[in-house]
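Q: When you line the sequence shown up against our numbering, it's residues -2 to 403, in that order. Just so it is clear, CB atoms sit at the ideal spot from N, CA and C, and this is done for glycine as well.
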Amino acid sequence: MSVKGMADILPEESWKWEKIRSLFLENARRFGYKLIETPIVEHADLFIRGIGDGTDIVDKQMYLFNDKKGKHLALRPEGTASAVRSFVEHKYNSELLHKWCYFGPMYRYERPQKGRMRQFHQAGIEAFGVDDPALDAEQIILARELLVGSFGIESVKILLNSIGCPACRPGWQVALVDYFRRYDRELCDNCRRRLDINPLRILDCKVQRCSEIAKDAPAGRNYLCGSCSAHHNKLKQYLSDMNIVFEDDPMLVRGLDYYTKTVFEITTDKLGSQSALIAGGRYNDLVKSLGGKDSPATGWAMGIERIFLLSDIKHASEKTVYFIALDEPSKIVLFKLFASAAKRRNCRFDYKGGSLKSQLRRANGAGAQICAIMGENERISDTLLIKDMKNKTQKLIKIDEFGETL
Ligand SMILES: [Zn+2]
Ligand SMILES: [Zn+2]
-2 MSVKGMADIL PEESWKWEKI RSLFLENARR FGYKLIETPI VEHADLFIRG
48 IGDGTDIVDK QMYLFNDKKG KHLALRPEGT ASAVRSFVEH KYNSELLHKW
98 CYFGPMYRYE RPQKGRMRQF HQAGIEAFGV DDPALDAEQI ILARELLVGS
148 FGIESVKILL NSIGCPACRP GWQVALVDYF RRYDRELCDN CRRRLDINPL
198 RILDCKVQRC SEIAKDAPAG RNYLCGSCSA HHNKLKQYLS DMNIVFEDDP
248 MLVRGLDYYT KTVFEITTDK LGSQSALIAG GRYNDLVKSL GGKDSPATGW
298 AMGIERIFLL SDIKHASEKT VYFIALDEPS KIVLFKLFAS AAKRRNCRFD
348 YKGGSLKSQL RRANGAGAQI CAIMGENERI SDTLLIKDMK NKTQKLIKID
398 EFGETL
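(1) Examine ligand 2 and report whether any of its heavy atoms sits within less than 8 Å of the Cβ of isoleucine 419.
(2) Tell me the residue span of the beta strand (DSSP E) that contains arginine 345.
(3) By Cβ distance, which residues of its chain are closer than 6 Å to lysine 489, with the 5 residues on each side in sequence left out?
(4) Any heavy atom of ligand 1 closer than 8 Å to the CB of glycine 161?
(5) So leucine 61 and valine 38 are in contact, right, with Cβ under 8 Å, and what is the actual spacing, rounded?
(6) Which ranges does the alpha helix (DSSP H) cover as unbroken runs of at least 4 residues, wholly within the segment 150 to 218, from first to last along the chain?
(7) I'd like to know whether the C-beta atoms of arginine 18 and phenylalanine 100 end up nearer to each other than 9 Å.
(8) Tell me whether glycine 223 sits in a helix, a strand or coil according to DSSP, three-state version.
(9) Is it buried or exposed, alanine 120, if we count other Cβ atoms within 10 angstroms and call 16 or more buried?
(10) Can you look up histidine 312 in the DSSP assignment and give me helix, strand or coil?
(11) Span of the beta strand (DSSP E) holding lysine 392?
(12) Could you tell me the boundaries of the alpha helix (DSSP H) in which arginine 82 lies?
(13) Which residues bound the beta strand (DSSP E) around alanine 124?
(14) Can you tell me whether aspartate 56 is helix, strand or coil according to DSSP?
(15) Just to confirm, does alanine 164 get its C-beta within under 8 Å of one of the non-hydrogen atoms of ligand 1?
(16) Mind checking whether the beta-carbon of leucine 221 lies closer than 8 Å to any heavy atom of ligand 1?
(17) Relative to the C-alpha of alanine 41, which residue among Ile396, Trp14 and Glu75 is closest?
(18) Does the distance from the CB of glycine 51 to the CB of arginine 198 come in under 9 Å?
(19) Does DSSP put leucine 307 in a helix, a strand or coil?
(20) Assess contact between the segment 226 to 234 and the segment 5 to 25, defined as three or more Cβ pairs (one per stretch) separated by less than 8 Å. Is contact present?
(21) How many Å lie between serine 79 and arginine 342 at the Cα?
(22) I'd like to check one pair, glycine 49 with aspartate 291: are the Cβ atoms closer than 9 Å?
(23) Can you tell me whether DSSP reads alanine 4 as helix, strand or coil?
(24) Span of the alpha helix (DSSP H) holding asparagine 334?
(25) Closest to leucine 93 by C-alpha separation, out of Arg82, Asp128, Asp245 and Ile383, would be which residue?
(26) Excluding the 5 residues flanking phenylalanine 335 on each side, which residues of the same chain have their C-beta closer than 6 Å to its C-beta?
(27) Taking the alpha-carbon of proline 293 as reference, which of Pro247, Gly2 and Asp133 has the nearest alpha-carbon?
(28) Does any heavy atom of ligand 2 sit closer than 8 Å to the C-beta of asparagine 195?
(29) Is leucine 184 a contact residue of ligand 2, with contact defined as CB to any heavy atom under 8 Å?
(30) Over what stretch of residues does the alpha helix (DSSP H) that includes glutamate 373 continue unbroken?
(31) As a quick exercise: from Gly2, Asp186 and Ser11, pick the residue whose alpha carbon is nearest that of phenylalanine 305.
(32) Figure out for me which residue from Arg166, Phe117, Gln271 and Leu353 has the closest Cα to the Cα of cysteine 225.
(33) Starting from the Cα of leucine 98, find the closest Cα among Ala140, Asn90, Lys111 and Arg113 and give me that residue.
(34) When the distance is taken between beta carbons, is glycine 2 closer than 9 Å to glycine 116?
(35) Is cysteine 188 close to ligand 1? I mean its beta-carbon at under 8 Å from any heavy atom of the ligand.
(36) So for serine 352, helix, strand or coil by DSSP?
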């Protein structure tokens, strides 16, 4: 048995993963995002500092272990902290715009459910060096284009908010603490602890009573500074100009601590309850807090398991040619033809042999469109019998015409 929450991607479905990956990379590349591959294992400290204490990920969900030298390591639970670590480590110039994208497995110890695994996959984009709401708009446009245009997922909803910056958020935090203190006894244990560490996190608690209380909490919108509020308004303008429908949701926060200003989610109701397919936002302070120069940044991540469940992409299969030899000497001649044809197209050789009937049955099973058949008669006359499996027609051709027949 595989480890709980960790699944195989079987040969029958791997084409769909490949397709999702290539559609993602293709779209990202058109907007200038280049692929970065970071290691799956990082220092645990990176995520504790980057994502923050008091978040579900750091408190409960990380896969932590010590290596043989006692180094405290973690399987990456998300992609942004690693990308920032790499950006800082390789000293990229924070004055310039850098656009990166990634695709790979992430690890969180959660209760597995439909579309949520302990080893799951995320594709994401990050842009460093620019604090412009137009860039936030670009990333939301790219996200939407992927979901609707490439993966064929209709009925998505864009939720948008600004959670402010270090200049204005403390005001909101004080108001939140004041508000939630009144419900001290009713909040869950986690939220009571969050009250001291990061009261914003309470807005995101999934415990029913907590979310009921949170509904009437003071909205961050009223506390935004001039710069945050202008940023948010411009972003909304850019999206409206593109006729992109969104919901401005003053209670939207993200489950990670590093966000500043813009946060957003693109959700669907196609998986039962409303669930996020893409989530992200701006994180202008993370690069600095992980040891780099001050560099604004923004990005999002997409859950591939959910895309896999919802996407309607089709398997565009290439024609398969199936090679059938009816005796041993023909097999030797035919195998040479097969091996050179397989360099250029989709080919299968029937190694099991036997009667024409049983080989044709296997050709059908393999989804072959064309069979190239050789028995004694064909071999002696340097010919091949070409059978079209769909139209049930067949014709005899010269071996040296074989290439152009296909
Ligand atoms: Zn602000
Ligand atoms: Zn709670």
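A: Result, derived from the coordinates:
(1) Outside the displayed span of the chain (-2 to 403) sits residue 419, for which this structure offers no information.
(2) Position 348 of the sequence shown, counted from the first residue, corresponds to residue 345. Note, arginine 345: beta strand (DSSP E), 343 to 346.
(3) For residue 489 there is no data in the structure shown, the boundaries of the chain being -2 and 403.
(4) As a working note, residue 161 is residue 164 in the sequence shown. Correct: glycine 161 has its Cβ closer than 8 Å to ligand 1.
(5) Walking along the sequence shown from the start, residue 61 turns up at place 64. Walking along the sequence shown from the start, residue 38 turns up at place 41. Between leucine 61 and valine 38 a beta carbon distance of about 11 Å is seen, past the 8 Å cut, so the two are scored as non-contacting.
(6) 166 to 178, 186 to 194 and 205 to 211
(7) As a first step, residue 18 must be located in the sequence shown, where it is residue number 21. As a first step, residue 100 must be located in the sequence shown, where it is residue number 103. Contact flag set, yes.
(8) For the purposes of this step, residue 223 is identified with residue 226 of the sequence shown, where counting begins at 1. In this structure, glycine 223 counts as helix in the three-state DSSP scheme.
(9) On the sequence shown, position 123 is the one that residue 120 refers to. Flag for alanine 120 reads buried.
(10) Taking the first residue of the sequence shown as 1, we reach residue 312 at position 315. Here histidine 312 sits in coil by DSSP.
(11) Along the sequence shown, one-based indexing puts residue 392 at 395. From DSSP, the beta strand (DSSP E) with lysine 392 extends over 390 to 395.
(12) The residue given as residue 82 occupies position 85 in the sequence shown. That run of the alpha helix (DSSP H) goes 77 to 86.
(13) In the sequence shown, the residue the question calls residue 124 occupies position 127. Where alanine 124 is concerned, the enclosing beta strand (DSSP E) starts and stops at 116 to 125.
(14) Residue mapping note: residue 56 aligns to position 59 of the sequence shown, counting from 1. Here aspartate 56 sits in helix by DSSP.
(15) Taking the first residue of the sequence shown as position 1, residue 164 is located at position 167. Answer for alanine 164: yes, Cβ within range of ligand 1.
(16) Taking the first residue of the sequence shown as 1, we reach residue 221 at position 224. Yes, the Cβ of leucine 221 comes within 8 Å of a heavy atom of ligand 1.
(17) Counting from 1 along the sequence shown, the entry for residue 41 is found at position 44. Of the listed residues, the one whose Cα sits closest to alanine 41 is Glu75.
(18) As a working note, residue 51 is residue 54 in the sequence shown. As a working note, residue 198 is residue 201 in the sequence shown. Taking the C-beta atoms as reference points, arginine 198 is found nearer than 9 Å to glycine 51.
(19) Here residue 307 refers to the residue found at position 310 of the sequence shown. Looking at leucine 307 - three-state DSSP - the assignment turns out to be helix.
(20) no
(21) The residue you call residue 79 lines up with position 82 of the sequence shown. The residue you call residue 342 lines up with position 345 of the sequence shown. In this structure, the straight-line span from the alpha carbon of serine 79 to that of arginine 342 is close to 39 Å.
(22) Taking the sequence shown and counting its residues from 1, the one referred to as residue 291 is at position 294. Taking the sequence shown and counting its residues from 1, the one referred to as residue 49 is at position 52. For aspartate 291 and glycine 49, no; Cβs fall outside 9 Å.
(23) Here residue 4 refers to the residue found at position 7 when the sequence shown is read from its first residue. In this structure, alanine 4 counts as coil in the three-state DSSP scheme.
(24) On the sequence shown, residue 334 is found 337 positions in, with the first residue counted as 1. In the sequence as displayed, the identity of residue 334 is leucine instead of asparagine. Run containing leucine 334: 325 to 338, per the alpha helix (DSSP H) assignment.
(25) Taking the first residue of the sequence shown as 1, we reach residue 93 at position 96. Here the closest residue by C-alpha is Asp128.
(26) Mapped onto the sequence shown, residue 335 falls at position 338. Here the set comprises Phe320, Cys344 and Phe346.
(27) Against the sequence shown, residue 293 aligns to sequence position 296. Per the Cα distances, Asp133.
(28) Start at 1 with the first residue of the sequence shown, and residue 195 comes out as number 198. Asparagine 195 Cβ: outside cutoff for every heavy atom of ligand 2.
(29) For the purposes of this step, residue 184 is taken as the residue at position 187 of the sequence shown. It does: the Cβ of leucine 184 is within 8 Å (strictly closer) of some heavy atom of ligand 2.
(30) Position 376 of the sequence shown, counted from the start, is the residue given in the question as residue 373. For glutamate 373, the enclosing alpha helix (DSSP H) starts and ends at 373 to 377.
(31) Start at 1 with the first residue of the sequence shown, and residue 305 comes out as number 308. Cα-wise, what sits closest to phenylalanine 305 is Ser11.
(32) Taking the sequence shown and counting its residues from 1, one reaches residue 225 at position 228. The candidate whose alpha carbon is nearest that of cysteine 225 is Arg166.
(33) Position 101 of the sequence shown, counting from 1, holds the residue named residue 98. According to the sequence as given, residue 98 is cysteine; it is not leucine. That would be Ala140, whose Cα lies nearest to the Cα of cysteine 98.
(34) Here the question's residue 116 lines up with position 119 in the sequence shown. Here the question's residue 2 lines up with position 5 in the sequence shown. The sequence shown places glutamine at residue 116, not glycine. In contact: glutamine 116 and glycine 2 (Cβ atoms closer than 9 Å).
(35) Counted from its first residue, the sequence shown places residue 188 at position 191. Because no heavy atom of ligand 1 lies under 8 Å away, the Cβ of cysteine 188 does not count as near it: no.
(36) One-based indexing of the sequence shown puts residue 352 at position 355. Coil, per DSSP.
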